[in-house]
Each structure stands twice: as C-alpha cells, then as structure tokens.
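Remarks on the structure that follows.
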Amino acid sequence: QLLDAHELALGVAYGPVGAAPRERVKVVDRQAMIDVSRAVAAVEAGESGARALLDEALERVDAQA
Numbered sequence: 012q013l014l015d016a017h018e019l020a021l022g023v024a025y026g027p028v029g030a031a032p033r034e035r036v037k038v039v040d041r042q043a044m045i046d047v048s049r050a051v052a053a054v055e056a057g058e059s060g061a062r063a064l065l066d067e068a069l070e071r072v073d074a075q076a
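If you count the sequence shown from 1, position 27 lands on 38 in the working numbering, and the numbers rise without skipping.
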C-alpha cells in the first residue's frame, strides 16, 4: 500500500503526459511486486521459511529502487 501511494504521488509530481494526467510512475517491476505479495501472504499464513522469502523479496525491491 505504501508503494502504491508512492507511485501515485510520483505520477502527480511528474505532471501530465499529453492532455492526460500521469496516473503513476512505476518504481518496482511486476515480478518483484508479485514475489513480495506472495511472501507476505505466506508470512501471514504462518508458513515455514516464509519470513526468509519475504526478506529476499524485499532485498530485490531495494536493489531496484
């Protein structure tokens, strides 16, 4: 949710593209977002090793930023 809000704020700050406002600026690729989402779900479900998967996914996101 924080990333979504950040991308939306960047889009507003970027300004319009042509006649239309820019909705957002993507800062993390789709696969990284999927990996984080799945890891968060696994942590919430209490799956073994899920925290390590989440840490790895977040490290990949940090590397992209």
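Glycine is no exception: its CB is placed at the ideal position from the N, C-alpha and C atoms.
All of these numbers come straight from a predicted model, not from anything done at the bench.
On a CA-only basis, which of Val38, Glu34, Ile45 is nearest Glu67? Give me that one, please.
Within the sequence shown, residue 67 is the residue found at index 56, counting from 1. For Glu67, the nearest C-alpha among the options comes from Ile45.
Mapping DSSP to helix, strand and coil, what is Ala30?
For the purposes of this step, residue 30 is taken as residue 19 along the sequence shown, with counting starting at 1. In this structure, Ala30 counts as coil in the three-state DSSP scheme.
Could you work out which residue in Val39, Glu58, Val51, Glu70 is closest to Leu14 when comparing CA atoms only?
Here the question's residue 14 lines up with position 3 in the sequence shown. Of the candidates Val39, Glu58, Val51, Glu70, the one whose C-alpha sits nearest the C-alpha of Leu14 is Val39.
I need the straight-line Cα distance from Gly57 to Val36, nearest angstrom please.
Stepping through the sequence shown from its first residue, residue 57 is reached at position 46. Stepping through the sequence shown from its first residue, residue 36 is reached at position 25. Rounded to whole angstroms, Gly57 to Val36 spans 33 angstroms at the Cα level.
Nearest to Ala74 (by Cα), restricted to the options Glu55, Gly60, Ala43
By 1-based counting over the sequence shown, the position of residue 74 is 63. Sorting Glu55, Gly60, Ala43 by C-alpha distance to the C-alpha of Ala74 places Ala43 at the top.
Are there 16 or more other CB atoms within 10 angstroms of the CB of Ala50, so buried, or fewer, so exposed?
Stepping through the sequence shown from its first residue, residue 50 is reached at position 39. Buried, since its Cβ has 16 or more Cβ neighbours within 10 Å.
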